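> Going down the list, the sequences are from chains A and B. Position in the first sequence (from 1) plus 269 gives the number in the numbering used here. Position in the second sequence (from 1) plus 269 gives the number in the numbering used here. Just so it is clear, CB atoms sit at the ideal spot from N, CA and C, and this is done for glycine as well. Remember, predicted model here, so these are calculated numbers, not experimental data.
Number of protein chains: 2
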Amino acid sequence: MAIQDLFGKPLQAVNIGLESFSESLHAQGTEAVQVDWRPPLEGYVELTHAPGGVDIDAANAEALERVRTSRPLLVGMGIAKDTIPGMGERMILHAGPPIGWERMCGPTRGAVMGAIVYEGWADTYEEAAELAASGEITFDPCHHHHTVGPMAGIVSPSMPVFIIKNETFGNVTYATQNEGLGHVLRYGAYGDDVIAHLKWMEKTLYPALVRTLEMTGPIDLRSIIAQALHMGDEVHNRNRAATSLLIRQIAPALIETSSKQVAEKVLRFIDSNDHFFLNLSMPALKAMIETAEGVEGSTMVTVMARNGTDFGIRVACMPDRWFVAPAPMVAGLWLPGYTEDDANPDIGDSSITETTGCGGFAMAAAPAIVRFVGGTSSLALSVTQEMYQITVGEHEFFTVPVLNFRGTPLGIDVRKVMASGICPFINTGIAHKKPGIGMVGAGLVRAPRKCFEDAFAALRKEFGSE
Amino acid sequence: MAIQDLFGKPLQAVNIGLESFSESLHAQGTEAVQVDWRPPLEGYVELTHAPGGVDIDAANAEALERVRTSRPLLVGMGIAKDTIPGMGERMILHAGPPIGWERMCGPTRGAVMGAIVYEGWADTYEEAAELAASGEITFDPCHHHHTVGPMAGIVSPSMPVFIIKNETFGNVTYATQNEGLGHVLRYGAYGDDVIAHLKWMEKTLYPALVRTLEMTGPIDLRSIIAQALHMGDEVHNRNRAATSLLIRQIAPALIETSSKQVAEKVLRFIDSNDHFFLNLSMPALKAMIETAEGVEGSTMVTVMARNGTDFGIRVACMPDRWFVAPAPMVAGLWLPGYTEDDANPDIGDSSITETTGCGGFAMAAAPAIVRFVGGTSSLALSVTQEMYQITVGEHEFFTVPVLNFRGTPLGIDVRKVMASGICPFINTGIAHKKPGIGMVGAGLVRAPRKCFEDAFAALRKEFGSE
C-alpha cells in the first residue's frame, strides 16, 4: 500500500495544509513576525577577497565545514586550576569580553564576591569586594581559556569543570557544572546557601560524576544535542530533553559507582534542574565553533559573549580581537515581583549557542520555549527562518523536524549582517542588576549592530578595501 | 524594552514568517498534503436530536467535558488475575473487537501461544495452539475489562499490570508492562527468549516498580503526556520524551527501594525501550475517554481497536456495541529484510491514543516521528489540522506548541466523519502476518469508513430518524 492511498488520490505540491496551519495561527490572534528586507547597514561595501587573493566565500566554506564535522565528546572532569590552560592560582574567569572590577556589572561583581569567599580568600563579602578591587585578583575572559560560562560565567580555581574534547580536531573546552535555578552564583547571588551548594557540587556531585564518566566512557554531546532538537529543546534556555537524555545515559553507571544515598541525591539534583545540560551544550558548541578560529579570510563570527556591561564578538580571521558595544537590555518575561527596572543588561557566554546555530537560531525546533522567554510560536519559527539570511550555511547533524529536517542556520557572516541589516537573535536569562539577588526573568534580545559594524570596518582595513 | 523593539518597528499580523516557512518546505521539494473538502459519505443525513429531545451537540459537549477534565494517575500495579475485573483463571485478553481462535490473525495466534507456554498451560507451542483451538481458553477483548494492549494486546492471568485511576471520576484502567522492541510477544513472537523476558518482567521488573510506586505515590500521567507533547512525542509511536520524564520521576525511589543490581538493570531496560511509556499512555487515555461511555445521545467514538483481523469502534451512547470492518493494510516503512508482503493488517488497542486526541491526531506535536512511521513533517502538521474537522472539540491540557498551543483535536464525532468523508488517521507499528516472527515496520493508516457507516446507521435507527 502506497502512502498516497491514504488520501484517496496522488499527493500534490499544493500548500493547503500549511495555509490552514497559518490560518489557525491567525484565527487565534497571533501575530506573525515580519521578516522583511531592510536597507544594508551604513558603510556596507561588498567584500569578496582577502589579501593574497583568498576567496572569502571559500574561506567561510572551509570554516563552516570544520564546525559541521566537529564531534564534541564529554571525556572527563577536573578541577579548574589543574585543568584549564593558563588558569592561575589567583585568577577568576568571567563571561564576555575583557573587563576589570571597576566596570563590572552588579551580578558579575556579586558572583566574583561569592567565588572569593568560596575559595577562602576572604571571610566576608565586604572583604571579598575589597580584595577584588585591590588588583590582587587577575580577571580574564573564559573565552581566553577555551572555557564558557553562563550568565556571570565565573570560574574560580577550585571549581570542578567538565572537559569536552572535539574528537574530529582534538581541541578541548571547559565549563563548570550548572548550579540549578534560584539563588545561584551565576546570576550574581551569593550567601551561605550559595557557597554551601557550590561546596556540595565540588565535594559530592563532582566525584560522583567523575566515577560515572570513568565507567560510561566518553559521552557524545553532538548526538544528545541532535536528539534534543527533535524533542523541543534549543539547548540554550530549553534543555529539558537534553538533560533527560543525559540522565538516562549516566544513571546506571552512577548507581553502580556511588552509594545509594549519593546516587539518589545526585539524580534528584539533576532532575530538579532542566538547565543542567546547558553547561554541556555550551562547551560542546564552543568546541565546534572554535575550530573556525584562524581560518584565513573567513568572516564567520566565532564568539558572541557578554559580561553584563559590554557585548563582544570575535571573527574567524582575526581570532584575538574583540569588537564590543554596550550590552543591550532584554525584552523579558519577569519572575513574580520583578520588572525591567530590576534587570541587568544582557550577560553571559551562553550566546555561544546562537553563535553555533542553536539557541535563538534553533527556536523553530523549540516552540514551547516561548512560555519561558516570551514571544509566540510563530515568532519561534520565523526567527530561525530569518537567521538563514545571515549565516554561511546549515548544520548537518542539528536539524529542525518542523522545517522538514533542515539543518539549523550556522555560522554568522559579518558581511551578511551588514548587507541585510539583520542582527543575530538571542534568547537569554536575565539577572538582577544588583549583586547578591539573582534571576529576575528570561527574554529575547538582538546582538548590537555596532559590534558588526566595527568588525566589518576592521575586515575592510585588514583586507585592504578601505 | 518591549518585544516590538527587537524588530525595529511594531509587529504586524502579516504572514510573511510563515510564508517563508512554507517556501522553505517547497524549496526542499516537499509535498504538502492536500487536505480538502470531500463529498459526504453515502447515506449521510443530519442528526441533531436523540429520543426524548436530547440535543446531540449538548450530549457531545458533556462527553467532551468529561474527557477534558479527566486526570489519570498511575496508582499502583497488580497481577492481572487478582486485579483486572472479570479476569478468569483460563482467560486470555486480546486487542480489538471480539474474536475466536479460528479467525485470529498470525501475530495474535503467536502471542496467544506464547502466553499459554508462559502460563505453564502447555509445554510446547504446538500443544499451546491445540489448547487454544480446543475451546478450553476463554478469549475476551481487553476493552471489555477496562484494559488496553498494544499490537496483539495479549494479557494472561499471571502478567503484571499497571493500575491507572482517573482521579476526577474514579474509574480504573489497566495495561501490561511494555516488553521493548525486537522479538516480543505483542508482535506475535514467541520462543524461550520471549518467555524468559516475560518472566523477568514478572519476577524482577514488576516487584521493583511496585516498591518504587509505593515510595513515589501516584504519578500524574496527564502531566507527563502534556509535557511530552511539548517535547516531540505524540505518545503512540513516539514516547521518547515521556519515557525520559518517567525515568526522571521514578529513578531516585527505585534506587532507594531496590538493590544496586536490580535498580541498574531496571533502568537499563527502560532506557533501552522508548516505547515503555506507551503502556502507560494507552491506559491513561483509556481512563479519560471511557468516561464518555453511556452519555445519552453522544455520537462520540470511545473506542477504536483492531485485533489484526477486524477493526472495531464503539460509540458513547451505545457503549456495548461494536461496529466492525476488515482491518486495513498499513502504508509502512519496513525494517531491513521485510516488505508489505510480510505485513499483517492493522492491529492493536493502541489506537486508543488517536481516539483520545493523541497519536496520529497529535502528530503536529511530533514531526520527528515521520522518520519512524513515514510521511513528511508537513504531513504531520496537516494531519492534525485535518482531524479538527471530525472532532467534537480540543484538549485543554494536551496542546501543540507549533499550533500556538492549540489543544489537540479530541473526540471523534461519527456524524462529522460521515459529513466530511474524512476518516480518523492513525500511526502504528506493523507485525509480521505469521505467528512467531515479530515486528516488520511502522506506518500510517486510516480507520475504515465502514465502521462509521454502520455506527451512523445504528444511530439513525436508535434515534428514530431512519
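Are A600(A) and V714(A) close, meaning C-beta to C-beta below 8 angstroms?
Counting from one through the first sequence, the residue named residue 600(A) turns up at place 331. Counting from one through the first sequence, the residue named residue 714(A) turns up at place 445. In this structure, V714(A) lies closer than 8 angstroms to A600(A) by Cβ.
> Kindly give me the distance between the Cβ atoms of D682(B) and T653(B), rounded to whole angstroms, as I take these residues to be in contact under 8 angstroms.
In the second sequence, residue 682(B) corresponds to position 413, counting from 1. In the second sequence, residue 653(B) corresponds to position 384, counting from 1. About 17 angstroms; that fails the 8 angstroms criterion.
> Applying a beta-carbon distance threshold of less than 7 angstroms, which residues of chain A neighbour T622(B)?
Taking the second sequence and counting its residues from 1, the one referred to as residue 622(B) is at position 353. Correct list: empty, because the minimum Cβ distance to chain A is about 18 angstroms.
> Using DSSP with H/G/I as helix, E/B as strand and the rest coil, what is V314(A)?
Taking the first sequence and counting its residues from 1, the one referred to as residue 314(A) is at position 45. Coil, per DSSP.
> Between A495(A) and the rest of its own chain, which residues show a CB-CB distance below 6 angstroms, the 5 nearest in sequence each way excluded?
Taking the first sequence and counting its residues from 1, the one referred to as residue 495(A) is at position 226. So the qualifying residues of the chain are F666, F667.
> From R718(A) to G698(A), what distance separates their C-alpha atoms?
Counted from its first residue, the first sequence places residue 718(A) at position 449. Counted from its first residue, the first sequence places residue 698(A) at position 429. Cα-Cα distance, rounded: 21 angstroms.
> Given a cut-off of 8 angstroms, decide if A332(B) and W370(B) are closer than it, judged by their beta-carbon atoms.
By 1-based counting over the second sequence, the position of residue 370(B) is 101. By 1-based counting over the second sequence, the position of residue 332(B) is 63. Contact flag unset, no.
> Against chain A, does E525(B) count as a neighbour if the rule is that its beta carbon must be under 8 angstroms from one of theirs?
The residue given as residue 525(B) occupies position 256 in the second sequence. At least one chain A Cβ lies under 8 angstroms of E525(B).
> What is the rounded straight-line gap between the Cα of M632(A) and the Cα of D502(A)?
Counting from one through the first sequence, the residue named residue 632(A) turns up at place 363. Counting from one through the first sequence, the residue named residue 502(A) turns up at place 233. If you take the alpha carbons of M632(A) and D502(A), they lie about 8 angstroms apart.
> Can you tell me whether K555(B) is buried or exposed, with buried defined as 16 or more other CB within 10 angstroms of its CB?
In the second sequence, counting from the first residue as 1, residue 555(B) sits at position 286. So K555(B) ends up on the buried side.
> Could you tell me the alpha carbon to alpha carbon distance between F568(B) and D489(A), rounded to whole angstroms?
Numbered from 1 along the second sequence, position 299 holds the residue referred to as residue 568(B). Numbered from 1 along the first sequence, position 220 holds the residue referred to as residue 489(A). Looking at the sequence itself, residue 568(B) is Thr, so the reference to Phe does not match. Using only the alpha carbons, I get a separation of about 51 angstroms.
> Taking the alpha carbon of R675(A) as the reference point, which residue from R684(A), E663(A), M420(A), T526(A) has its own alpha carbon closest?
For the purposes of this step, residue 675(A) is taken as residue 406 along the first sequence, with counting starting at 1. The option with the nearest alpha carbon to R675(A) is E663(A).
> What residues in its chain sit with their C-beta under 8 angstroms from that of S318(A), if we drop five residues either side in the sequence?
The residue you call residue 318(A) lines up with position 49 of the first sequence. Inspection of the sequence shows that residue 318(A) is occupied by His rather than by Ser. Counting only Cβ-Cβ distances below 8 angstroms, and skipping sequence neighbours, we find D324, I325, G566, F732.
> Nearest to R335(A) by CA position, among E436(A), A612(A), S528(A), is which residue?
By one-based count along the first sequence, residue 335(A) stands at place 66. Measuring from the Cα of R335(A), the nearest candidate turns out to be E436(A).
> Just the Cα atoms here: how many angstroms apart are H499(B) and A727(A)?
Position 230 of the second sequence, counted from the first residue, corresponds to residue 499(B). Position 458 of the first sequence, counted from the first residue, corresponds to residue 727(A). When rounded, the distance between both Cα atoms is 44 angstroms.
> Shorter than 8 angstroms from the beta carbon of P678(A) to some beta carbon of chain B?
Within the first sequence, numbered from 1, the residue matching residue 678(A) stands at position 409. Closer than 8 angstroms: no.
> E533(B) versus chain A: which residues are under 7 angstroms apart at the beta carbon?
Within the second sequence, numbered from 1, the residue matching residue 533(B) stands at position 264. Within 7 angstroms Cβ-Cβ: P521, I524, E525.
> If the cut is a Cβ gap below 9 angstroms, which residues of chain B does P670(A) touch?
Reading the first sequence from its first residue, position 401 is the one you call residue 670(A). Here the neighbours are G501, A635, P636, A637, I638, V639, R640, S646, A649.
> Please check if any C-beta of chain B sits within less than 8 angstroms of the C-beta of D540(A).
Here residue 540(A) refers to the residue found at position 271 of the first sequence. True, the Cβ-Cβ gap to chain B drops below 8 angstroms.
> When you compare only the Cα positions, how much space is there between V226(A) and G379(A)?
Nothing can be reported for residue 226(A), as the shown portion of chain A is limited to 270 through 735.
> Check whether the Cβ atoms of F431(A) and P552(A) sit closer than 8 angstroms, and answer yes or no.
In the first sequence, the residue the question calls residue 431(A) occupies position 162. In the first sequence, the residue the question calls residue 552(A) occupies position 283. Cβ distance < 8 angstroms, so F431(A) and P552(A) count as in contact.
> If you reduce the DSSP assignment to three classes, tell me which class W390(A) lands in.
Here residue 390(A) is taken as the residue at index 121 of the first sequence, counted from 1. Coil.
> Counting only Cβ-Cβ distances shorter than 7 angstroms, please list the residues of the stretch 491-518 of chain A near chain B, keeping chain order.
Per Cβ criterion, the list reads H499, M500, G501, R509, A510, S513, L514, I516, R517.
> Under 8 angstroms Cβ-Cβ, which residues of chain B neighbour R575(A)?
Counting from one through the first sequence, the residue named residue 575(A) turns up at place 306. Result: empty, since nearest Cβ-Cβ is about 15 angstroms, beyond 8 angstroms.
> Would you say R480(A) reaches chain B, if we count a Cβ-Cβ gap shorter than 8 angstroms as a contact?
To locate residue 480(A), count along the first sequence from 1; it is residue 211. No, its Cβ sits nowhere closer than 8 angstroms to a Cβ of chain B.
> Three-state secondary structure (DSSP) at F630(B)?
Start at 1 with the first residue of the second sequence, and residue 630(B) comes out as number 361. Helix.
> Let me know the secondary structure DSSP gives F674(A) once reduced to three states.
Here residue 674(A) corresponds to residue number 405 of the first sequence, with the count starting at 1. The answer is coil: DSSP assigns F674(A) none of H, G, I, E or B.
> Taking one C-beta from the stretch 578-589 of chain A and one from the stretch 521-539 of chain A each time, how about it: are there three or more such pairs within less than 8 angstroms?
Judged by Cβ distances under 8 angstroms, the stretch 578-589 of chain A makes no contact with the stretch 521-539 of chain A, as fewer than three pairs qualify.
> What are the residues in the stretch 547-559 of chain B lying within 9 angstroms of chain A by C-beta distance?
Answer in chain order: no residues at all.
> Using a C-beta cutoff of 8 angstroms, does L450(A) count as contacting chain B?
Counted from its first residue, the first sequence places residue 450(A) at position 181. It does not: the Cβ of L450(A) has no partner Cβ on chain B nearer than 8 angstroms.
> Decide if the stretch 637-653 of chain A is in contact with the stretch 619-628 of chain A; the criterion is three or more beta carbon pairs, one per stretch, under 8 angstroms apart.
Because the criterion of three Cβ pairs below 8 angstroms is not met, the stretch 637-653 of chain A and the stretch 619-628 of chain A do not touch.
> Taking Cβ to Cβ, would you say E722(A) is nearer than 8 angstroms to I691(A)?
The count along the first sequence starts at 1 and reaches residue 722(A) at position 453. The count along the first sequence starts at 1 and reaches residue 691(A) at position 422. Their beta carbons are not under 8 angstroms apart, which means E722(A) does not touch I691(A) by this criterion.
> Nearest-angstrom Cα distance between Q303(A) and T442(B)?
Taking the first residue of the first sequence as 1, we reach residue 303(A) at position 34. Taking the first residue of the second sequence as 1, we reach residue 442(B) at position 173. Note on Q303(A): pLDDT 36, under 50, position unreliable in the model; the coordinate value appears next. Their backbone Cα atoms lie some 49 angstroms apart in a straight line.
> Go ahead and pull the three-state DSSP assignment for H412(B).
As a position in the second sequence, residue 412(B) is number 143, starting the count at 1. Three-state result, H412(B): helix.
> For D610(A), which residues in the same chain have their Cβ closer than 7 angstroms to its Cβ, ignoring the five residues on either side in sequence?
Numbered from its first residue, the first sequence carries residue 610(A) at position 341. For D610(A), where only same-chain residues beyond five positions count, there are no Cβ hits under 7 angstroms.
> Expressed to the nearest angstrom, what Euclidean distance is found between the alpha-carbon atoms of F290(A) and L343(A)?
The residue given as residue 290(A) occupies position 21 in the first sequence. The residue given as residue 343(A) occupies position 74 in the first sequence. In this prediction, F290(A) scores a pLDDT of 38, lower than 50, which makes its location untrustworthy; no coordinate-derived value is stated.
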